[in-house]
Amino acid sequence: MVRKMTSVLAMVSIIALLSGCWDRREINDVAFVMATAYDKDEEGYRVSFQFPLVGQLGSPGGGGGGTSGGKSWYMDSATGSTIREADDHQQQSLPRELYFGHRRVLIFGEELARDNIATVTDISARLPENRLTALAVVAKGQGRDILNAESTVERIPSEMIRELVIQTMGRPITIKMMIDNLKSDGVDLMLPAIKLAKTEPGSAGKAESSIKLVNFAVFRGDRLSGFLDEELTQGLLISSGYVRGPYITVNPPEGKEGRMTVRLVEIEQQITPLSTTPPYTYELSIRARGGVAENQSDFNLSHASHLVQVERVLNDRITTMVEKALEELKRLKSDPLGFGDALYRKHPDIWHEIRHDWHEDFYSNIQVKVNSDIHIEYPGSLIFPTRKGVSQ
């Protein structure tokens, strides 16, 4: 009996010491930030926030309790001399506590990116609640305009931006990757660039504003150097290995009429330094498998020797694209492919001597031999062209 009483008293004493849920946060008291946009402002920074409106996310027809015709998100912004101060000013206008643990996208306005993008990454890495797997993009213009755009396919614009990046890149650039890049020598940052664009529904529909991933932004250190156009972006992505299943259109061999498109998969690249004195020379090797996605030409793909001819034309096309991208990168003095890092890994003693003068004195004069090795493994289910008059 005494033993039972002792056990009961011990249990009661332990219960009294338990803290319980006194510091819990109810979901109705939290404002989930899905995306933030950072812009330069007269006061320092303007930070824009996008929140989901949970009550509007359900199906209008019932089941989710959503309201037909209403937006499923809300956007607001605040200014401050620092990012943290702008966050605090925004908090003062919200009845719920800001929570960044579910943030999916960070957008950097063009003016801020040209000034210094590292000022924003500090708070992203310093506060533990920030999600380092969030994706980073650069806006052409103001970042807050992107967050305020309509999203016709996805319920929230931030989710549309995220899906656009994932569809383009096999390895999307996260905040963690971005911070690691900014802290590393010998390789510069590159980020997807987005802008507002009008849809083209044709005569039957009405054009609307939408978000479009247009090209890529390249940096020198923590400052934006410039934007690449569509063709140069494709050359950059192929040579970096970041791209996801790109389509390359070429003229068919033997002067045949029409065009054909090949999709690349499993792209690999390797940079090898070949010299130890300036001008430094490199070999950039690109390897991938491909499949014919479309053949509008009268070139017959039924023979293995014909596929070899297509591979030759395709390799020439990719080599030209990459070489043009490299020339533009050297002009912008941006090294996102990491030629400096490749030199450091093979000849660290040389790199330590020239690292501070790499962009100004050495990078723009490097010579790169591009070797493209694409193997077409799949000519398509339809081997013969569909054009009339083509011999099988």
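Position 146 of the sequence shown, counting from 1, maps to 146 under UniProt numbering, and the rest follow consecutively.
Ideal placement from N, C-alpha and C gives every residue a C-beta, glycine not left out.
Just so we're clear, the structure is a prediction, and the values are computed from it rather than from any experiment.
Excluding the five sequence neighbours on either side, which residues of its own chain have a C-beta within less than 6 Å of the C-beta of residue i, listed in chain order?
i    : result
G69  : Model confidence at G69 stands at a pLDDT of 47, short of 50, so the residue's coordinates are unreliable and nothing is read from them.
M178 : A136
F51  : A31 and Y74
E111 : K40
L164 : L213
S151 : P157 and M160
S285 : Q270 and N371
R126 : none
R3   : none
L94  : A31
Grab the span of the beta strand (DSSP E) containing residue i for me, first residue to last.
i    : result
S372 : Q367 to Y378
S48  : G44 to P52
E311 : From DSSP, E311 is part of no beta strand (DSSP E) but of the alpha helix (DSSP H) over A304 to L332.
I211 : S209 to R220
D39  : A35 to D41
E154 : Note, E154: premise wrong, no beta strand (DSSP E); not H, not E.
E97  : E97 to Y99
In chain order, what residues of the same chain have a beta carbon less than 7 Å from the beta carbon of residue i, not counting five sequence neighbours either side?
i           : result
G62         : Legend: pLDDT at G62 = 37, less than 50; position of this residue unreliable, no value from coordinates given.
residue 393 : This structure leaves residue 393 out entirely; the chain is present only between 1 and 392.
G143        : A37, Y38, D39, S48, I107, F108 and G109
D87         : V47 and L98
V218        : D188, M190, S225, G226, L228, L329, L332, S334 and P336
L307        : L301, I376 and P379
I354        : F362
Here's the rule I'm using: 16 or more other beta-carbon atoms within 10 Å means buried, otherwise exposed. How should residue i be labelled?
i    : result
K232 : According to the sequence provided, residue 232 is Leu. The question's Lys does not apply to it. So L232 counts as buried.
M5   : exposed
Y247 : exposed
I366 : buried
D145 : buried
P192 : buried
M11  : exposed
I374 : buried
H359 : buried
G235 : buried
G255 : exposed
V153 : exposed
T121 : buried
N215 : buried
Q90  : buried
N295 : buried
A304 : exposed
N181 : buried
P172 : buried
Starting from residue i and walking both ways along the alpha helix (DSSP H), at which residues does that stretch end?
i    : result
R84  : I83 to Q91
S240 : E230 to S240
T168 : P157 to T168
L135 : Not the alpha helix (DSSP H): L135 falls in the beta strand (DSSP E), residues L135 to A139.
H352 : P348 to I354
If you reduce the DSSP assignment to three classes, tell me which class residue i lands in.
i           : result
L127        : coil
L343        : helix
residue 394 : Outside the modelled stretch of the chain, which goes from 1 to 392, sits residue 394, for which no answer is possible.
G290        : strand
P273        : strand
L9          : helix
Y247        : strand
K176        : helix
T121        : helix
S77         : strand
L112        : helix
G226        : strand
L264        : strand
F32         : strand
L147        : helix
K4          : helix
G65         : Below a pLDDT of 50, predicted positions are generally treated as unreliable, and G65, at 34, falls in that range; the measurement from the model is reported next regardless. Of the three classes helix, strand and coil, the one that applies to G65 here is coil, per DSSP.
N300        : coil
S285        : strand
L182        : helix
I14         : helix
Leaving aside the five residues before and after residue i along the sequence, list all residues of the same chain whose C-beta is less than 8 Å from its C-beta, in chain order.
i    : result
V310 : V250, P252, P253, M260, V262, V292, F299, L301 and I376
R331 : S364
M34  : Q50, F51, P52, W73, H102, R103, R104, V105, I156, S158 and E159
P128 : none
I194 : I107, V137, V138, A139, K140, I146, I161, L164, I211, K212, L213 and V214
Y282 : I271, T272, P273, L274, F339, A342, I366, Q367, V368 and K369
Could you tell me whether any non-hydrogen atom of the ligand PLP is closer than 6 Å to the CB of residue i?
i   : result
V47 : The model on display carries no ligand, and the ligand PLP is accordingly not part of it.
Is there a Cβ from chain B that is less than 7 Å from the Cβ of residue i?
i    : result
V292 : Looking for chain B here will not work: only one protein chain is present.
Flag this pair as touching only if the region 138-146 and the region 164-184 have three or more C-beta atom pairs under 8 Å; answer yes or no.
Counting Cβ pairs under 8 Å, fewer than three are found: no touch.
Discussion item. Taking contact to mean 3 or more Cβ pairs, one atom from each stretch, closer than 8 Å, check whether the region 177-197 and the region 326-346 are in contact.
Written reply: For the pair of segments examined, the region 177-197 was found to touch the region 326-346: the number of CB pairs separated by less than 8 Å reaches three.
Discussion item. Across the region 344-361 and the region 229-245, are there enough close Cβ pairs to call them in contact, namely three or more that are closer than 8 Å?
Written reply: Taking a cut-off of 8 Å for Cβ pairs, the region 344-361 and the region 229-245 do not touch, as fewer than three such pairs fall below it.
Please determine if the region 216-229 and the region 105-120 are in contact, where contact requires at least 3 C-beta pairs separated by less than 8 Å. The region 216-229 vs the region 105-120: in contact.
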